[in-house]
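Trainee: Residue numbers (this note's numbering): 7 to 424.
1. Helix, strand or coil for residue 390, going by three-state DSSP, please let me know.
2. What's the gap between the Cα of residue 422 and the Cα of residue 413?
3. Taking the alpha helix (DSSP H) that residue 139 falls in, what are its first and last residues?
4. Flag this pair as yes or no: are the beta carbons of residue 405 and residue 355 separated by less than 8 Å?
5. Determine the closest residue to residue 274 out of 55, 37, 351, with distance taken between C-alpha atoms.
6. On the three-state DSSP scale, how would you describe residue 300?
7. Pull up the CB-CB distance for residue 112 and residue 125, whole angstroms please, since I reckon it's below 8 Å.
8. What are the start and end residues of the alpha helix (DSSP H) that includes residue 29?
9. On the DSSP letters alone, give me the boundaries of the alpha helix (DSSP H) that residue 267 sits inside.
10. Return the CA-CA distance between residue 233 and residue 243, expressed in angstroms with no decimal places.
11. Sort 192, 95, 264 by Cα distance to residue 147 and report the nearest one.
12. Please look up how many angstroms separate the CB atoms of residue 395 and residue 201, rounded, as I've assumed it's under 8 Å.
13. Use the C-beta contact count for residue 153: other C-beta atoms within 10 angstroms, 16 or more gives buried, fewer gives exposed.
14. To which residues of the same chain is residue 103 closer than 6 Å at the C-beta, ignoring the five residues directly before and after it?
15. Taking buried to mean at least 16 other C-beta atoms within 10 Å of its own C-beta, is residue 150 buried or exposed?
16. Can you look up residue 51 in the DSSP assignment and give me helix, strand or coil?
17. If you reduce the DSSP assignment to three classes, tell me which class residue 287 lands in.
18. Evaluate the contact criterion for the segment 65-72 versus the segment 369-387: three or more CB pairs, one atom per stretch, below 8 Å.
19. How many Å lie between residue 302 and residue 409 at the Cα?
20. Which residues in the same chain as residue 270 place their Cβ atom closer than 7 Å to its Cβ, once the five residues preceding and following it in sequence are excluded?
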């Protein structure tokens, strides 16, 4: 899945009572998150198929296009939080909604590959100027740490609910792998745009420090800070490797299934996506308490080992049998449910308080894995076919090695901060 939780899911007494204390604006933001992601999951997972079937693009060309879009998101995301701090959440959300709507509508109306790729570049703004400012706005509106964590947890669950229902509704109405689905996604941003325009106040967030006390951290300064912190670099590299392996599942696997069996690909991809999201929901609900008894490096190592074996299983499949693919998807999703939240927690806890802003800004560099993944996967798919899964297995093994080598130093630092 294209989503990462910001905090570990914990089931605590009084959750529903706490939810009732949320401001109405936070409830509205959560609802709009569900609506936008629901329409997103009806279309986006099938974009590689559309580029293959409608524009006859090669895996390498598809990888270049998707990587370029992700790079736009990474580049803007590095400064998205600072822009919203300086100009206010309202203006950046309005710009993000506007760009995203235009980009998706352009995808739906494009008559040639040039316009289609242009739309792809524009929607790179979506994740940079909608998701981070939206999360920041919820944090602004919720004062205490527990309510902020709960809001992020609810948001993560809603994204996964959308990931389950979106493809199912899409395939039920014949919308999956159809360009017109992007029109629905684009139009879904307009109610959110109107709500932000009418109900979100302009100006800087409440309790924002004065401008002279907030030093903008430039990209080269961020790089200088993290390069000197070897433990954090190790965690950041693990997060990047995880992103590369995951984006292969989302962007490259559909292309491989299309090569394997073009007739069954759309239905199989839909089933795989629904199984993935459902498994993550189940694992996040029932296994987190058990995993809490293990320290962070152990959890990450376990998730990476599961990732490794799942990639070997993907490599071994040479048939479009849905039960085999869904079984391996469950294994992969178990690794995802363990890895993604715990890597986010690791990066957050490794960040020293005096440089937290710079470190959290630097942690967005892990999304370079999402940017590079489609291109690397497209090249490997064109060159080796199923061998692309051997490359992701090796990346998973490298993740295991990095965590194993650095586990004691990471644990010592985490214990020193507790």
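Even glycine gets a Cβ: it sits at the ideal position worked out from N, Cα and C. A quick note: this is a predicted structure, and the numbers were derived from the prediction, not measured.
Mentor: Based on what the coordinates show:
1. As a first step, residue 390 must be located in the chain shown, where it is residue number 384. When DSSP states are grouped into helix, strand and coil, residue 390 belongs to the helix group.
2. In the chain shown, residue 422 corresponds to position 416, counting from 1. In the chain shown, residue 413 corresponds to position 407, counting from 1. Put simply, the backbone Cα of residue 422 is about 14 Å away from that of residue 413.
3. The residue you call residue 139 lines up with position 133 of the chain shown. 137-147 is the extent of the alpha helix (DSSP H) around residue 139.
4. Here residue 405 refers to the residue found at position 399 of the chain shown. Here residue 355 refers to the residue found at position 349 of the chain shown. Not in contact: residue 405 and residue 355 (Cβ atoms no closer than 8 Å).
5. In the chain shown, the residue the question calls residue 274 occupies position 268. Among 55, 37, 351, the Cα nearest to that of residue 274 is on 55.
6. Sequence index remark: in the chain shown, residue 300 carries index 294 (1-based). Three-state DSSP puts residue 300 in coil, outside helix and strand.
7. By 1-based counting over the chain shown, the position of residue 112 is 106. By 1-based counting over the chain shown, the position of residue 125 is 119. Rounded, the Cβ-Cβ distance is 3 Å, consistent with contact.
8. Here residue 29 is taken as the residue at index 23 of the chain shown, counted from 1. Careful: residue 29 lies outside any alpha helix (DSSP H) and carries neither H nor E.
9. Translated into positions along the chain shown, residue 267 becomes position 261. Per DSSP, residue 267 lies in no alpha helix (DSSP H) segment and is marked neither H nor E.
10. Within the chain shown, residue 233 is the residue found at index 227, counting from 1. Within the chain shown, residue 243 is the residue found at index 237, counting from 1. Each residue's Cα considered, the two are about 11 Å apart.
11. On the chain shown, residue 147 is found 141 positions in, with the first residue counted as 1. The alpha carbon of residue 147 has as its nearest neighbour, out of 192, 95, 264, the alpha carbon of 95.
12. Position 389 of the chain shown, counted from the start, is the residue given in the question as residue 395. Position 195 of the chain shown, counted from the start, is the residue given in the question as residue 201. Incorrect: roughly 43 Å between the Cβ atoms, too far for contact.
13. Numbered from its first residue, the chain shown carries residue 153 at position 147. Per the 10 Å Cβ criterion, buried.
14. Your numbering for residue 103 matches position 97 in the chain shown. Its chain contains 195, 198, 199 as the residues whose beta carbon lies nearer than 6 Å to that of residue 103, once the 5 sequence neighbours on both sides are disregarded; these appear in chain order.
15. The residue given as residue 150 occupies position 144 in the chain shown. The residue in question, residue 150, is exposed, as its Cβ has fewer than 16 Cβ neighbours within 10 Å.
16. To locate residue 51, count along the chain shown from 1; it is residue 45. Residue 51: helix per DSSP, three-state reduction.
17. Within the chain shown, residue 287 is the residue found at index 281, counting from 1. DSSP places residue 287 within a helical segment (H, G or I) once states are collapsed to three.
18. With a cut-off of 8 Å on Cβ pairs, the segment 65-72 is in contact with the segment 369-387, counting three or more such pairs.
19. Looking up residue 302 in the chain shown gives position 296. Looking up residue 409 in the chain shown gives position 403. Counting only the Cα atoms, residue 409 lies some 10 Å from residue 302.
20. Locating residue 270 in the chain shown gives position 264, where the first residue counts as 1. Correct list, in chain order: 326.
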